Amino acid sequence: MLLIVLVSISFVPLLDLFHPGIPLGHDTPDHVARIASFYASLREGILVPRWAGNLNWGYGHPILMFLYPLPSYVASFFHALGFSFVDSTKLVFAVSYIASLLAMYLFASTAWGALPGSLAAVLYGFAPYRFVDLYVRGAIGEHVAFIFPPLIAWGLLKESWGRQSDATAGFAVGLGIAGLLLSHNAVSLMMLPFLLLYGGYLFFFEAKDRLGFFVRGWWFAVIGFFVSAFFWMPAFLEGKYTLRDIVTKGDFASRFVPWQSFIWSPWNWGGGNEFTKEIGISGLLVVGLSIVLIVHPRTDTLRKKLLLVVLAVLFGILLMMTSVSSPLWNAITILQKFQFPWRFLSVAVFILSVLGGIAVSSLPKKYTLGFVVVILFVSIVTTIPMWHAKQYSPKDEKIFDLPYPGTTDTGESSPIWSIRFMEHFPRAPAEVISGNANIAPGSRKSTHHSYVINAKTKTRIVENTLYFPGWNIDIDGSRLNSTEVQYQDPDYRGLMTFWIEPGQHSVMVSFTDTKLRTRANQVSLVGLLFFVLTWCWVRMFPKVIVGVKRRRT
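If you're matching positions, the sequence shown starts at 325 in this note's numbering and goes up one per residue.
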């Protein structure tokens with residue numbers, strides 16, 4: 325019954341998405357264009373899209389290699405079912421929102437009971453920042469990422485109990501980690517340390533079989549990292565070929581949050597320094613209840629310590645978003661890759677929901693239902709003004725088949741040899757820049773362009789595609805080497821230029837995986853193999869998982 329109520333409640337804030345057109349969040353229109361480009365690659369048989377051929381004014385862009393593919397895979401699935409790109413994108417927002425509440429309910433109800441689980445789920449879904457992601461920023465990756473932290477936490481909790489029936493929990497850990505890594509780069513890096521901390525707590529204070537829990541936990545975690553390696557390995561290691569560190573350098577310094585903004589800041593659809601950063605009235609009530617329970621003499625001592633630790637973690641997360649933490653942001657370079665300190669609100673929402681579950685489960689039973697009802701009422705009433713986009717824009721689906729005048733990011737994924745954004749559409753896919761030749765375009769797909777070039781003299785050609793490692797040019801079946809393909813000519817910055825001898829030639833320009841990407845794909849295949857073998861092992865030997873015999877309970 326509680327589950328039905330929870331699903332019904334979570335559906336209400338999504339009703340605005342039934343409005344036709346694209347909700348004009350900061351990034352929503354760009355996400356639709358990126359998803360359309362992603363789908364075009366899938367349709368061409370590319371299972372791991374890395375190059376967006378029609379973005380950046382038609383010059384192409386490697387953004388698919390660096391930005392979280394899971395939302396695009398899910399949206400592509402919806403589009404394949406017949407939904408438009410716009411509606412597919414809105415479906416991803418809607419489904420992931422409901423799924424995140426259910427995941428939190430699964431974890432919190434397993435840990436503390438149905439009523440605390442309901443409260444934690446409501447706190448998780450109705451925090452103001454969730455609606456900032458949904459209707460203001462249009463942050464589809466962060467939005468999808470909210471599904472996985474509670475799913476991973478549930479898996480860890482069930483694994484710590486060490487029961488034979490909990491084999492599914494291990495797979496929840498592995499697939500949850502993979503899903504988190506594939507949902508959002510920064511949020512996954514923010515969340516994983518806190519999930520590791522929770523795993524440590526379970527190891528020392530809850531696990532019935534510490535060795536088994538340790539081995540199983542790390543085994544499934546490794547599977548998760550392996551399965552998602554096709555994305556995160558190239559995204560991390562090939563970022564040096566982009567403008568990422570140049571464009572985002574120092575961004576964080578102007579994005580710190582004043583302390584009072586966590587208590588109250590007005591709802592609006594403004595930019596990063598303007599939209600609300602508050603944790604919500606219901607969040608403040610949970611913090612207040614936790615403090616009361618900590619100082620109350622009748623609260624169990626262990627519960628006091630647990631509440632105090634979680635409250636301290638929440639305070640530390642909020643501190644990381646304020647200017648007080650500036651020395652840390654300057655000293656720890658990986659923090660700077662998060663761009664905006666207020667991204668930690670994603671972690672704060674998760675921790676605050678956990679705090680709520682612990683706090684309400686620590687109340688005498690006669691007060692539990694009343695407090696849950698109050699939080700439910702406050703969460704709904706105070707966020708009603710947040711349940712809609714500023715406006716919607718109708719879009720003709722045909723525009724997504726055409727070159728898109730933008731990169732769909734701030735230029736941080738652009739090749740380091742190019743400018744952040746191209747500024748006009750190319751006159752032709754390939755052009756003569758010196759000499760005399762006729763160019764007859766052949767087939768043109770996202771990662772394969774072909775031409776027949778009849779050169780009357782030695783001719784220099786520019787292929788109007790940005791160079792990135794993996795692009796190759798073949799003339800009459802013979803591949804040009806790295807010195808024969810130029811991409812740093814200041815007059816054609818970042819574009820591939822090459823010479824061709826007199827005569828008629830067949831030219832093929834293709835984007836292939838580098839050695840690193842190939843290795844990353846292989847690691848993911850190994851991860852999938854581990855997953856299948858582990859699943860078979862569990863089915864055949866349910867009393868033993870990953871070689872560790874379970875204790876009888």
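Where a beta carbon is used, it is the ideal one built from N, C-alpha and C, also for glycine.
Since this is a predicted model, take the numbers as computed values, not measurements.
Item                                                                                                                         : Value
Beta-carbon spacing of residue 285, residue 817 below 8 Å                                                                    : Nothing in the structure corresponds to residue 285, since the chain is present only between 325 and 877.
Candidates 370, 360 and 349, of which the one nearest residue 837 by Cα                                                      : 370
Residue 483: first and last residue of the uninterrupted alpha helix (DSSP H) it sits in                                     : 472-485
Status (buried if at least 16 other CB within 10 Å, exposed otherwise) for residue 691                                       : exposed
Helix, strand or coil at residue 645 according to DSSP, with G and I counted as helix                                        : coil
Ranges of the beta strand (DSSP E) found wholly within the stretch 752-833, counting only runs of at least 3                 : 754-758, 761-768, 772-779, 783-790, 795-799 and 819-824
Distance, residue 543 Cα to residue 441 Cα                                                                                   : 28 Å
Neighbourhood of residue 439 by C-beta distance below 6 Å, restricted to the same chain and skipping five residues each side : 692 and 696
Closest Cα partner of residue 506 within the set 834, 831, 598 and 558                                                       : 558
Assumed close pair residue 783, residue 761 - CB separation to whole angstroms, cut-off 8 Å                                  : 4 Å
Where residue 824 falls, given that 16 or more other Cβ within 10 Å makes a residue buried                                   : buried
Beta-carbon gap between residue 451 and residue 673 smaller than 8 Å                                                         : yes
Close Cβ partners of residue 380 (< 6 Å) along its chain, the five nearest in sequence each way excluded                     : 731 and 746
Within 8 Å, strictly: CB atoms of residue 394 and residue 503                                                                : yes
Spatially closest choice to residue 661 from 549, 603, 607 and 563, by CA coordinates                                        : 563
The stretch 706-725 in contact with the stretch 768-788 per 3-pair CB rule at 8 Å                                            : no
Three-state class that DSSP yields for residue 507 in the structure shown                                                    : helix
Residues sharing a beta bridge with residue 717, DSSP                                                                        : 346
The stretch 355-375 in contact with the stretch 471-483 per 3-pair CB rule at 8 Å                                            : no
Residues of its chain near residue 718, where Cβ-Cβ distance is below 7 Å and the 5 sequence neighbours each way are ignored : 344 and 345
Opening and closing residue of the alpha helix (DSSP H) in which residue 580 lies                                            : That residue, residue 580, is in no alpha helix (DSSP H); it is neither H nor E in DSSP.
Pair within 8 Å by beta-carbon distance, residue 829 and residue 779                                                         : yes
Validate contact between the stretch 411-421 and the stretch 349-360 using beta carbons, cut 8 Å, 3 pairs                    : yes
Residue 465 versus residue 654 - alpha carbon distance                                                                       : 26 Å
Cutoff 7 Å; reference residue 589; Cβ partners in own chain excluding five residues on either side                           : 600, 601 and 602
Three-state secondary structure (DSSP) of residue 489                                                                        : Any reading at residue 489 must be qualified, since the residue scores a pLDDT of 49, below 50, and its modelled position is unreliable; no value is offered.
Where residue 376 sits in the DSSP three-state scheme                                                                        : strand
Rounded straight-line distance, which links the Cα of residue 821 to that of residue 431                                     : 55 Å
Whether residue 665 touches residue 580 by CB criterion (8 Å)                                                                : yes
Neighbour-count burial assignment, residue 578, 16 or more Cβ in a 10 Å radius                                               : exposed
Residue 748 - DSSP class collapsed to helix/strand/coil                                                                      : coil
Validate contact between the stretch 390-410 and the stretch 799-813 using beta carbons, cut 8 Å, 3 pairs                    : no
The stretch 509-528 contacting the stretch 611-621, beta-carbon criterion three pairs below 8 Å                              : no
Exposure of residue 375, with buried meaning 16 or more beta-carbon neighbours within 10 Å                                   : buried
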